[in-house]
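Chains as they are written, first to last, in this note's numbering: chain A, 87 to 241; chain V, 87 to 241.
Glycine included, every Cβ here is placed at the ideal spot set by N, Cα and C.
Number of protein chains: 2
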Amino acid sequence: MTEKAFQDHYKDAYSVCYGCGRLNPHGYQIKSYWQGEESVCRFTPQPYHTAIAGYVYGGLIASVVDCHGTGTAAAAAFRAAGRPMGSEPDFRFVTASLQVDYLKPTPIDAPMELRAKVAEIKGRKVIVAVTVSSKGQVCARGQVVAVQIPESLKH
Amino acid sequence: MTEKAFQDHYKDAYSVCYGCGRLNPHGYQIKSYWQGEESVCRFTPQPYHTAIAGYVYGGLIASVVDCHGTGTAAAAAFRAAGRPMGSEPDFRFVTASLQVDYLKPTPIDAPMELRAKVAEIKGRKVIVAVTVSSKGQVCARGQVVAVQIPESLKH
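See the structure below:
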């Protein structure tokens, strides 16, 4: 794995996200890393992140898929540009579309492992495919369509 | 609007969801109601539910879409059966698939209004279409494919 998480390269102004911002003390503060051509994020749900008893609620899964997806999109854009993450000009992505298929209930008493692959890079858009596993089984699959943040929202 | 929220009809065993369980003190405890053929849920984000500063993070939007969708599916199943919500046998749905299109940033300083319509009821499956508005503008659209909870997960 790379040493520093994708999210730890984000500028301070983009680090307040509830899902992935290192400066949001209330949030999940997920961390994503390259592992070869895949990116990996491990996240341990809290006992109260339940759907029905014993299983992780789908909104948390969607949240982690989303932020791992946009983080992977940013990291992939830097890779494609041949520059280290955090160098200028910055690449920062937002989510245009999020799709999650829940294949089986995700146990709440184990870490989730998310693995993502870049399915497509085209102009300002990156499509990322994500699998969510727990206890060695794939429990959900997701797709994130990430687009570079519009000029109007830039900080 | 109906007097009692969909979620307040859920059995105790199904009321621990982080998104919609009235018995989960950590969670969002969303409430959904019929308004004619549509169901409505209003939810006010907390200041720390940020994506980029000033806007709601997509994972919260996905979470509320998800739980409003499954709640609407349950309410619709009771309606289709001609029985009041909470009567036996119970209908309880889980999410098979969740899709959210983020059309524009959702302001964090205002309540979100979710409106849902049943697009299809077929056997144990209900497809629900959801719009998310804030300050009078549609900011996101979602679709929830909800299925009746499998026997193996029943409480």
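Residue i - partner residues in DSSP beta bridges
i: Ala205/V; result: According to DSSP, Ala205/V bridges with nothing at all.
i: Leu109/V; result: BP columns for Leu109/V are empty, so no partner.
i: Lys211/V; result: Lys208/V and Val233/V
i: Thr156/A; result: Answer by DSSP bridge pairing: none, since Thr156/A is not bridged.
i: Gly228/A; result: Val186/A and Val216/A
i: Thr130/V; result: Paired residues: none, contrary to the question.
i: Leu200/V; result: Cys127/V and Val218/V
For residue j and residue i, believed in contact at Cβ under 8 Å, the rounded distance
i: Tyr114/A; j: Gly105/A; result: 5 Å
i: Ala47/V; j: Ala215/V; result: The structure shown does not extend to residue 47/V, since chain V is modelled only from 87 to 241, so the question has no answer here.
i: Ile319/V; j: Val150/V; result: The structure shown does not extend to residue 319/V, since chain V is modelled only from 87 through 241, so no value can be given for it.
i: Ala182/A; j: Val231/A; result: 5 Å
Which listed residue (the options) has its alpha carbon closest to that of residue i
i: Phe129/V; options: Ala139/V, Gly122/V and Ala148/V; result: Ala148/V
i: Gly140/A; options: Ala196/V, Ile138/V and Ala99/V; result: Ala99/V
i: His95/A; options: Val204/A, Glu124/A and Thr158/A; result: Thr158/A
i: Gly144/V; options: Ser238/V, Gln93/V, Tyr188/V and Lys240/V; result: Tyr188/V
i: Ser125/V; options: Leu239/V, Val233/V and Leu200/V; result: Leu200/V
i: Asn110/V; options: Pro197/A, Val204/A, His135/A and Val102/A; result: His135/A
i: Gly252/A; options: Val142/A, Pro131/A and His154/A; result: Outside the displayed range of chain A (87 to 241) lies residue 252/A, so it cannot be described from this structure.
i: Ala137/V; options: Asp195/V, Ala91/V and Ser101/V; result: Asp195/V
i: Arg210/A; options: Lys240/A, Leu239/A, Gln185/A and Arg178/A; result: Arg178/A
i: Pro236/V; options: Gln185/A, His112/A and Pro191/A; result: Pro191/A
i: Val218/V; options: Val142/V, Val233/V and Cys103/V; result: Val142/V
i: Pro133/A; options: Pro197/A, Val233/A and Gln234/A; result: Pro197/A
i: Pro175/V; options: Ala160/V, Gln223/V and Glu89/V; result: Ala160/V
i: Lys221/V; options: Pro193/V, Glu123/V and Ser101/V; result: Pro193/V
i: Phe92/A; options: Gln234/A, Gln229/A and Cys127/A; result: Cys127/A
i: Ser238/A; options: Glu123/A, Val102/A, Val180/A and His112/A; result: Val180/A
C-beta neighbour in chain V for residue i, strict 8 Å
i: Ser149/A; result: yes
i: Pro191/A; result: yes
i: Val102/A; result: yes
i: Thr158/A; result: no
i: Tyr242/A; result: Shown here, chain A extends from 87 to 241; a query on residue 242/A therefore has no answer.
i: Cys153/A; result: yes
i: Leu146/A; result: yes
i: His112/A; result: yes
i: Tyr134/A; result: yes
i: Gly105/A; result: yes
Any C-beta of chain A under 8 Å from that of residue i
i: Gln185/V; result: yes
i: Gly209/V; result: no
i: Cys225/V; result: no
i: Thr130/V; result: no
*Are the region 162-172 of chain A and the region 160-171 of chain V in contact at 8 Å, needing three or more beta carbon pairs?*
A contact is defined here as three or more CB-CB pairs under 8 Å, and the region 162-172 of chain A fails this definition with respect to the region 160-171 of chain V.
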